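Residue 28 is where the sequence shown starts when you use the numbering used here, and the numbers rise one by one after that.
Where a beta carbon is used, it is the ideal one built from N, C-alpha and C, also for glycine.
Just so you know, these numbers come straight off a predicted model, no measurement behind them.
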Amino acid sequence: MTFFHWIAGTILALAWFSRIVDAALGMPSVADVSRPEWDRNPVSREGNPRVSIIVPARNEEDSIEPAVNTLLTLEYDNYEVIVVNDRSTDRTGEILERLSQNPHPVAQNATRVGHPPLRVIHHAELPSGWLGKTHAMWTGANQATGEWLLFTDADVLFKPDSLRRALAYAEAVSADHLVLFPRMIMKRPGEYMMIAFFQTMFLFGHRPWRVADPSTDDHMGVGAFNLVRRSVYEKVGTYAALRMEVLDDMKLGKVVKNAGFRQRNVFGGDLISIRWARGAMGVVNNLTKNFFAILSFQWWRTLISALGLAFINLGPFLGLCLAQGWARLPYAVALGSMFLVYVGMSWYSTVPVYYFLLHPVSAALFVYILLRSMVLTLWNDGIEWRGTKYPLAELRKGMV
C-alpha cells in the first residue's frame, strides 16, 4: 500500500507542481488592458475602426435592458449595436423595440460623435441544421457594417472604456482575434466555490499564456467578449461553419488559431462583468449542457475524464489522510501547489483564497456534472437549450 501511495502521490505532485510553475512563468505575459497605458484610442491608418457589436438574445427580459444600456454608452465614436431577438417568448423583443426607439438618457447626452445606432432583428423561426445562438450571431454578422465584429452575450455589463481599451490593444499587437476575460459577479458561497474550481481546472485545459504562441494548439474563446476582424471571420467560414456547435465561443477561437491567424487573450479587471449563475446548482445547470459536448459526445471519454477529474482533485486530500509517514509528502506537495493556484487566482478574481478548503466539494459536484451531462444527453437523445431540442445525431455531425 505504501508503494501505491508513493506512485499515486508522485503523479499528483508532478501534475499540480508543474502546472503552478508553468502558470507562474506564463501568466505575467498575459496583458491587462485595464492598466493606464491602454487608456487610449486605437491607432489605425484609417482612424478609429468601425466595430459591430452583435448580441444574441433569447428570453433575456431580466438582463437585456441594463446590458444594452451599457453598450449604448461606450466611450467610442465608431460602432453599432445589433441585437438579434431569437424567438423569445417573454418581453425581450418588446424591451428591445423600446430601447431602439427611446435610447437611454445617458446615451442621449453622451459627449461623443453621434449615438451608436441600435438595430434589432427578430427571429420567428429557426432553420433546420442550426443552433439558435449560432444562427442569431450569423444573422447579426451578415447585417454588420464594421471591420471588427464583437460577439457578446445578452447579460454582459460593459464599462464605458472597455471597447476602446481592448481595441487599442488589438490594433497595437496586430491581433486578429481578441478575447477579454470577464469579471465574474459572485454573491453566494456556492458561486464562489464552483467558479473557483472552474477557473482552477481552466489552467489545466486551456493555458492562456500559450494562446499567443502560433506553435501551440492552445486557443481561446469567451462568449462574453470575442472580438474578431471581419476579414478573418469570413476566411474561417463565418458562424455557418459552427452552426451546430454547442461550444461556439471556444470553437471560434479554435478555427481562428488553426487557420494561422493571430490570437490574443487579455485580462481587464471589471471592464466587463457577468453574473454567470445563481448558487452552486445554477453552475451545475449551466454546465450540464456543455460538458458532454466538450468530450465530443463520447461516453467512454466522459467516464475516463470523470475518473481523472476525481483522481487529480480528490486524490491529494484523500492521500494525505490515508497515507502513512513520508508517503504523505508527495500528497502535501500536490496540496501546496493547489493552494498556490488559489493564491494566484485571487490576484485575478474576487475569489478568496480560503475557498481552497471547499475544493473537494466542488470537485465532487463537477464529477456529478460530467456524468449528469452524459446521462441526460444520451437519455434524451440530444440537448434542450433555451426551449429548443437539438438531436444528438445532428450535434455530433456538426462538431468542429
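Roughly how many angstroms lie between the CA atoms of residue i and residue j, to the nearest whole one?
| i | j | result |
| --- | --- | --- |
| Ala35 | Pro343 | 9 Å |
| Ala40 | Glu88 | 47 Å |
| Tyr266 | Ala202 | 20 Å |
| Glu102 | Leu356 | 54 Å |
| Leu126 | Phe185 | 17 Å |
| Leu314 | Phe31 | 34 Å |
| Glu92 | Gly217 | 27 Å |
| Phe366 | Met211 | 21 Å |
| His246 | Thr37 | 29 Å |
| Trp303 | Cys348 | 35 Å |
| Arg118 | Ser300 | 23 Å |
| Trp43 | Trp175 | 39 Å |
| Arg423 | Ala359 | 42 Å |
Alpha carbons only, please: which of the options is nearest the one belonging to residue i?
| i | options | result |
| --- | --- | --- |
| Trp327 | Glu261, Val402, Tyr219 and Thr29 | Val402 |
| Leu269 | Gly287, Phe393, Trp165 and Pro144 | Trp165 |
| Leu345 | Pro387, Ile410, Leu279 and Leu176 | Pro387 |
| Asn129 | Val95, Thr116, His150 and Tyr395 | Val95 |
| Ser332 | Ser400, Ser155 and Leu298 | Ser400 |
| Asp430 | Thr100, Ile81 and Thr97 | Absent from the model: residue 430. The displayed extent of the chain is 28 to 427, so no value can be given. |
| Gly120 | Trp236, Leu145, Leu99 and Ala84 | Ala84 |
| Leu398 | Gln226, Leu322, Asp66 and Trp157 | Leu322 |
| Leu298 | Tyr417, Asp66 and Val394 | Asp66 |
| Gly250 | Val273, Leu341 and Arg146 | Val273 |
With DSSP run on the structure shown, which of helix, strand or coil describes residue i?
| i | result |
| --- | --- |
| Asp245 | coil |
| Ala350 | coil |
| Leu176 | strand |
| Arg289 | coil |
| His233 | coil |
| Tyr103 | coil |
| Pro83 | strand |
| Lys416 | strand |
| Val402 | helix |
| Glu218 | helix |
| Gly425 | coil |
Please state whether the Cβ-Cβ distance between residue i and residue j is less than 8 Å.
| i | j | result |
| --- | --- | --- |
| Thr29 | Ala361 | no |
| Gly295 | Val60 | yes |
| Val283 | Val310 | no |
| Met271 | Glu421 | yes |
| Leu123 | Val110 | yes |
| Thr329 | Phe338 | no |
Please tell me whether, using a cut-off of 7 Å, the distance from the CB of residue i to the nearest non-hydrogen atom of the ligand ADP is below it.
| i | result |
| --- | --- |
| Pro379 | Because no ligand of any kind appears in the structure shown, any question about the ligand ADP cannot be addressed here. |
Residue i CB to nearest chain D CB: under 8 Å?
| i | result |
| --- | --- |
| Tyr417 | No chain D is part of this structure, which consists of one protein chain only. |
What runs of the beta strand (DSSP E), each 3 residues or longer, lie entirely inside the stretch 292 to 330? Within the stretch 292 to 330, complete beta strand (DSSP E) segments of at least 3 residues are found at 299 to 301, given in chain order.
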